[in-house]
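Structure first, commentary second.
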Ligand code: SAH
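Numbering (UniProt numbering), first residue to last: 1 to 397.
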């Protein structure tokens, strides 16, 4: 078969989709992303399609197909299982000279949707001669190759800063966007908690600044980090500030945004998978669970509860029945646990500690609020670790 490859500009153009099931659901996002004016003709819709209809992103005609539905359409997508019904749509499209994609019968189609991968401005579409699996495999290989060779043009990123959450430690838990930007960095300023394996992949010409090695107290070090970020960006570099977990969860990301804003440097924030949710999750602890916990609170334990500097209302937390997640709380754990109990939280509340969640060294300790601090010392638990208090600790057994 001699096909003529083509890309369609569907923006504002009418596309007819016949059928409201799984196939139509899968096809819809790309049609909508292309800006098509989509009419769906189907007696019933999947919940996802119904949501698009309710949001006004497509028009639903709640009935069976009629040949006149094709009038005025630039493209028809047949997404019905019944071959006779599908043939009727193709025939109507053929008569009107409109291209028709048929999911049920490739041979009867006049247009095919290729396997696609999109990278910046580049879209690669792979068509197959009936061997869909092969097309998908080829597409995946091209996608991997494109990822490995970022565009030579660093167009708009010069002089920019991206504040990227690296996730809790497993290098696979960075977001796709974070990873893409990291691959384009000229300078990477990394935290102690940023996964080493991600840094291992950087091109040799990338300047790596290890923020953990800056030799001052915490607040001076932060000023120094801000200074480095701003200075490198002003010199025209694309700077990625890579931070453990999510940049805005006890990550001082806000201060870096302010420092950049003061210097007039554009900043992109790329949220990350935070250890406060991920570390419990990977230890089999959901931070919420139906009928068990309808809230979870994340607090920093780096300041002892009785310190005048503490901004945490421990008495209020003790009264909550939901899940409590304490970050940076190992050192002060004896005082935190005692305070929570003193303020009324049950001493036998289930409690757990997850050390180095998501990494090969992950350790989980299960105990109770009354005993967890001593158990942690006995077991030699070390930071980074999160402490979880609440009934969710035992909910999955
Ligand atoms: N921005 C980070 C948190 C920074 S504060 C985030 O969103 O995850 C540092 C604290 O995070 C550590 O003291 C520890 O309490 C917690 N933490 C970070 N990574 C962790 C991990 N892999 N496992 C358990 N706790 C972790």
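Quick reminder that beta carbons are idealized off the backbone N, C-alpha and C, glycines included. The structure displayed is predicted, hence computed values, not measured ones.
Whether residue i touches residue j by CB criterion (8 angstroms)
i: residue 165; j: residue 247; result: yes
i: residue 209; j: residue 228; result: yes
i: residue 275; j: residue 386; result: yes
i: residue 114; j: residue 107; result: no
i: residue 57; j: residue 16; result: no
i: residue 196; j: residue 279; result: no
i: residue 222; j: residue 201; result: no
i: residue 301; j: residue 327; result: yes
i: residue 370; j: residue 347; result: yes
i: residue 282; j: residue 355; result: no
i: residue 161; j: residue 100; result: no
i: residue 181; j: residue 270; result: yes
i: residue 55; j: residue 20; result: no
i: residue 25; j: residue 169; result: no
Best match in the options for proximity to residue i [C-alpha to C-alpha]
i: residue 273; options: 171, 264, 4 and 107; result: 171
i: residue 258; options: 230, 243, 249 and 201; result: 230
i: residue 268; options: 253, 282 and 278; result: 253
i: residue 290; options: 149, 265, 395 and 302; result: 395
i: residue 27; options: 37, 77 and 122; result: 77
i: residue 242; options: 216, 235, 261 and 194; result: 194
i: residue 350; options: 183, 12, 310 and 388; result: 388
i: residue 64; options: 55, 169, 120 and 82; result: 82
i: residue 212; options: 23, 224 and 69; result: 224
i: residue 117; options: 359, 142, 299 and 130; result: 142
i: residue 41; options: 189, 203 and 14; result: 14
i: residue 74; options: 128, 11, 181 and 169; result: 11
i: residue 285; options: 90, 391 and 122; result: 391
i: residue 407; options: 177, 189 and 127; result: Given that the chain is displayed from residue 1 to residue 397, the structure contains no residue 407 and the question cannot be resolved.
i: residue 406; options: 61, 59 and 8; result: There is no way to answer for residue 406, as the model of the chain reaches only from 1 to 397.
i: residue 191; options: 393, 384 and 397; result: 384
i: residue 89; options: 105, 393, 144 and 18; result: 18
i: residue 189; options: 53, 109, 163 and 179; result: 163
i: residue 130; options: 29, 145, 109 and 250; result: 109
i: residue 203; options: 374, 148, 310 and 86; result: 148
i: residue 105; options: 85, 176 and 120; result: 85
Residue i beta carbon near the ligand SAM (any heavy atom closer than 7 angstroms)
i: residue 304; result: In the structure shown, the ligand SAM is absent; the only ligands present are the ligand SAH.
DSSP three-state assignment for residue i, whether helix, strand or coil
i: residue 14; result: strand
i: residue 47; result: helix
i: residue 176; result: helix
i: residue 107; result: coil
i: residue 160; result: coil
i: residue 37; result: strand
i: residue 169; result: coil
i: residue 307; result: coil
i: residue 149; result: coil
i: residue 140; result: helix
i: residue 255; result: helix
i: residue 201; result: coil
i: residue 154; result: Residue confidence for residue 154 is low, a pLDDT of 48 falling below 50, so the modelled location carries little weight; the figure read from the coordinates is stated next. Residue state, collapsed to three classes: coil.
i: residue 273; result: coil
i: residue 189; result: strand
i: residue 289; result: strand
i: residue 297; result: strand
i: residue 394; result: helix
i: residue 25; result: helix
i: residue 377; result: helix
i: residue 61; result: strand
i: residue 317; result: helix
i: residue 329; result: coil
i: residue 324; result: strand
Cβ-based neighbour list, residue i, same chain, cut-off 6 angstroms, excluding 5 preceding and 5 following
i: residue 187; result: 207, 232, 237 and 239
i: residue 277; result: 287
i: residue 96; result: 70
i: residue 93; result: 70, 76 and 100
i: residue 103; result: 23 and 79
i: residue 167; result: 173, 174, 272 and 273
i: residue 39; result: 16 and 59
Own chain, CB closer than 8 angstroms to residue i, minus 5 neighbours either side, in chain order
i: residue 297; result: 317, 320, 322, 323, 324 and 325
i: residue 263; result: 230, 233 and 234
i: residue 368; result: 347, 348, 349, 350 and 351
Close beta carbons around residue i, own chain, < 7 angstroms, minus the five adjacent residues each side
i: residue 379; result: 365
i: residue 157; result: 184 and 238
i: residue 376; result: 330, 333, 353 and 365
i: residue 336; result: 301, 305, 326 and 329
i: residue 136; result: 115
i: residue 216; result: 224
i: residue 345; result: 318 and 369
Can you list, in chain order, the stretches of the beta strand (DSSP E) that have 3 or more residues and sit fully within the region 221 to 250?
-> 239 to 243
Along the chain, which unbroken stretches of the beta strand (DSSP E) at least 3 residues long are found entirely within the region 65 to 120?
-> 75 to 78, 99 to 102 and 115 to 119
Every unbroken beta strand (DSSP E) within the region 333 to 375, with a cutoff of 3 residues, ordered by chain | 350 to 355 and 363 to 368
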